[in-house]
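Undergrad:
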Amino acid sequence: MSSQILFRLRRALRYVAAAAGLAVVIGYFQQGSIEAGLLFGLAVGAGVAIGLVLFEVASR
Numbered sequence: 710m711s712s713q714i715l716f717r718l719r720r721a722l723r724y725v726a727a728a729a730g731l732a733v734v735i736g737y738f739q740q741g742s743i744e745a746g747l748l749f750g751l752a753v754g755a756g757v758a759i760g761l762v763l764f765e766v767a768s769r
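What the sequence shown shows, in my numbering, is residues 710 to 769, in sequence order.
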């Protein structure tokens, strides 16, 4: 893999991790349980990952 692709992949993973982490905290305080927070974080992380993939595909 080229270094440019690896850079984009690392940047995208940071965005997904940051969004999922923030969503876990928000979900925990909204629902009052860590299980609900983790599920909410997983859903948001997946949504952000799909959005980034679609953005990269559309930008090419």
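Ideal Cβ positions, reconstructed from N, Cα and C, are used throughout, including at glycine.
Spatial neighbours of LEU761 within its chain, please: C-beta separation below 6 Å, excluding the five flanking residues on both sides.
TA: Sequence index remark: in the sequence shown, residue 761 carries index 52 (1-based). The answer, listed in chain order, is ALA721.
Undergrad: Is SER712 helix, strand or coil by DSSP?
TA: In the sequence shown, counting from the first residue as 1, residue 712 sits at position 3. The answer is helix: DSSP assigns SER712 an H, G or I state.
Undergrad: What span of residues does the alpha helix (DSSP H) with GLY741 cover, start to end?
TA: Reading the sequence shown from its first residue, position 32 is the one you call residue 741. Note, GLY741: premise wrong, no alpha helix (DSSP H); not H, not E.
Undergrad: To the nearest angstrom, how far is the alpha carbon of ALA729 from that of ARG769?
TA: As a first step, residue 729 must be located in the sequence shown, where it is residue number 20. As a first step, residue 769 must be located in the sequence shown, where it is residue number 60. ALA729 and ARG769: Cα-Cα distance of roughly 26 Å.
Undergrad: Quick check: what's the CA-CA separation for ILE743 versus ILE735?
TA: Residue numbering aside, residue 743 sits at position 34 when the sequence shown is read from its first letter. Residue numbering aside, residue 735 sits at position 26 when the sequence shown is read from its first letter. For ILE743 and ILE735, the distance between alpha carbons rounds to 10 Å.
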